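S.K.: Numbering (this note's numbering), first residue to last: 779 to 1026.
Quick one: the structure is below, and I'll ask about it shortly.
Here it is as structure tokens:
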């Protein structure tokens, strides 16, 4: 268990199960990633110390669902998850993109155009209502992996037609898996995206779950009001408003 002590005044602790999702969550990154730093600081402002544990993402979700870990982070709100979790306010709203190998181009202008294709996705990841309908009806075949790096390797050798991933996280994963080659070997569909919100979720198995969400939401609101939210989440952003490649 990895602990980030908030302050000497901390009186409560929350355990949060997450997975590798660089740059937002990473066991080797400063503060365990930029999203993790936002979560830690928001709880800190409400007198709560955060302890992180890193797992494969699907296991992190199940550990939280069972109450073995109190919370997780980086999840979208879906109907099938609502019976098991309290959903805090969204920390981040970004696009999920669909990537293809330039050696095997894919032409699509809507989600419906993906029918008949195979899709690579992270373990535990949700699709959103429209895409889920295509998956549930069998029009899209899904293959799961625990990391985007592994999914892009599948894409590279033709085991899947497209890979779905957060645009910022995918850029980092490609740079790791195919350094210096990512721009030549892979492209994202320009017209097909899914807008997704990423939240802290708290298990309904624990007694103080709603209170933890309330406290987190208050802390997150304070971070946004002071500008600390952007400084933590996007540390490469320039003071003059320009930035290195960052979420849209």
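C-beta atoms are modelled at their ideal positions from N, C-alpha and C, and glycine is treated no differently.
Computed from a predicted structure; not experimentally measured.
Would you kindly work out how many angstroms separate the C-alpha atoms of residue 994 and residue 824, rounded to a whole number?
M.R.: By one-based count along the chain shown, residue 994 stands at place 216. By one-based count along the chain shown, residue 824 stands at place 46. The straight-line gap from Cα to Cα measures roughly 7 angstroms.
S.K.: For residue 917, name the three-state secondary structure that DSSP assigns.
M.R.: For the purposes of this step, residue 917 is taken as residue 139 along the chain shown, with counting starting at 1. Residue 917 falls in the coil class under three-state DSSP.
S.K.: Whose C-alpha, out of 862, 827 and 928, is nearest the C-alpha of residue 988?
M.R.: On the chain shown, position 210 is the one that residue 988 refers to. Closest option to residue 988, Cα to Cα, is 862.
S.K.: If you compare alpha carbons, which of 803, 801 and 868 is closest to residue 980?
M.R.: Here residue 980 corresponds to residue number 202 of the chain shown, with the count starting at 1. Checked all of 803, 801 and 868; the closest Cα to residue 980 is 868.
S.K.: How far does the alpha helix (DSSP H) with residue 827 in it extend, from its first residue to its last?
M.R.: Taking the chain shown and counting its residues from 1, one reaches residue 827 at position 49. Per DSSP, residue 827 belongs to no alpha helix (DSSP H); it is in the beta strand (DSSP E), 826 to 832.
S.K.: So, using beta-carbon positions, are residue 833 and residue 809 closer together than 7 angstroms?
M.R.: Numbered from 1 along the chain shown, position 55 holds the residue referred to as residue 833. Numbered from 1 along the chain shown, position 31 holds the residue referred to as residue 809. No, these two residues do not count as a Cβ contact at 7 angstroms.
S.K.: Whole angstroms are fine: how far does the CA of residue 990 sit from the CA of residue 885?
M.R.: Counting from one through the chain shown, the residue named residue 885 turns up at place 107. Counting from one through the chain shown, the residue named residue 990 turns up at place 212. When rounded, the distance between both Cα atoms is 45 angstroms.
S.K.: State the CB to CB distance for the pair residue 847 and residue 793, rounded to an integer number of angstroms; the pair is presumed to be in contact (CB under 8 angstroms).
M.R.: Numbered from its first residue, the chain shown carries residue 847 at position 69. Numbered from its first residue, the chain shown carries residue 793 at position 15. So it is a contact: roughly 5 angstroms between Cβ atoms.
S.K.: Under 6 angstroms Cβ to Cβ from residue 1026, same chain only, skipping five residues before and after it: list those, please.
M.R.: Position 248 of the chain shown, counted from the start, is the residue given in the question as residue 1026. Confidence at residue 1026 is low in this model, with a pLDDT of 26, below 50, so the placement of that residue should be treated as unreliable; the coordinate-derived value is given next. Here the set comprises nothing.
S.K.: Quick check on residue 909: buried or exposed, where buried means 16 or more other Cβ atoms within 10 Å of its Cβ?
M.R.: On the chain shown, residue 909 is found 131 positions in, with the first residue counted as 1. Buried, because 16 or more other Cβ atoms sit within 10 Å of the Cβ of residue 909.
S.K.: Could you give the first and the last residue of the continuous beta strand (DSSP E) run that contains residue 850?
M.R.: In the chain shown, residue 850 corresponds to position 72, counting from 1. Element bounds for residue 850: 849 to 853.
S.K.: Going by C-alpha distance, which of 791, 914, 928 and 817 is nearest residue 1000?
M.R.: Residue mapping note: residue 1000 aligns to position 222 of the chain shown, counting from 1. Among 791, 914, 928 and 817, the Cα nearest to that of residue 1000 is on 817.
S.K.: Enumerate in chain order the residues of its own chain whose CB-to-CB distance from residue 870 is below 6 angstroms, with the five nearest sequence positions on each side excluded.
M.R.: The residue you call residue 870 lines up with position 92 of the chain shown. Excluding residues within five positions, the ones whose Cβ falls inside 6 angstroms are 976.
S.K.: Can you check DSSP and say which residues form a bridge with residue 760?
M.R.: Absent from the model: residue 760. The displayed extent of the chain is 779 to 1026, so no value can be given.
S.K.: Apply the 10 Å Cβ neighbour rule to residue 998 and answer buried if 16 or more other Cβ atoms are within range, or exposed otherwise.
M.R.: Locating residue 998 in the chain shown gives position 220, counting from the first residue. With 16 or more other Cβ atoms within 10 Å, it is buried.
S.K.: Going by DSSP in three states, residue 923 sits in which element: helix, strand or coil?
M.R.: Within the chain shown, residue 923 is the residue found at index 145, counting from 1. Here residue 923 sits in strand by DSSP.
S.K.: Under a three-way DSSP split, which group does residue 816 fall into?
M.R.: Numbered from 1 along the chain shown, position 38 holds the residue referred to as residue 816. In this structure, residue 816 counts as helix in the three-state DSSP scheme.
S.K.: For residue 857, count neighbouring C-beta atoms within 10 Å of its own C-beta (all shown protein chains included) and say buried if the count is 16 or more, exposed if not.
M.R.: Counted from its first residue, the chain shown places residue 857 at position 79. Exposed: under 16 other Cβ atoms inside 10 Å.
S.K.: Can you tell me which residues form a DSSP beta bridge with residue 891?
M.R.: Within the chain shown, numbered from 1, the residue matching residue 891 stands at position 113. DSSP, once it has assigned bridges, lists no residue as partnering residue 891.
S.K.: When DSSP builds the beta bridges, which residues end up paired with residue 940?
M.R.: Taking the first residue of the chain shown as 1, we reach residue 940 at position 162. Beta-bridge pairing links residue 940 to 897.
S.K.: Return the residue from the list 966, 937 and 959 that minimises the CA-CA distance to residue 943.
M.R.: One-based indexing of the chain shown puts residue 943 at position 165. Comparing Cα-Cα distances from residue 943 to each of 966, 937 and 959, the minimum goes to 966.
S.K.: Less than 7 angstroms between the beta carbons of residue 839 and residue 902, yes or no?
M.R.: Here residue 839 corresponds to residue number 61 of the chain shown, with the count starting at 1. Here residue 902 corresponds to residue number 124 of the chain shown, with the count starting at 1. Yes, they are a contact pair.
S.K.: Can you give the beta carbon distance from residue 950 to residue 801, rounded, assuming they're within the 8 angstroms contact cut?
M.R.: Working through the chain shown from its first residue, we reach residue 950 at position 172. Working through the chain shown from its first residue, we reach residue 801 at position 23. Confirmed, Cβ separation roughly 6 angstroms.
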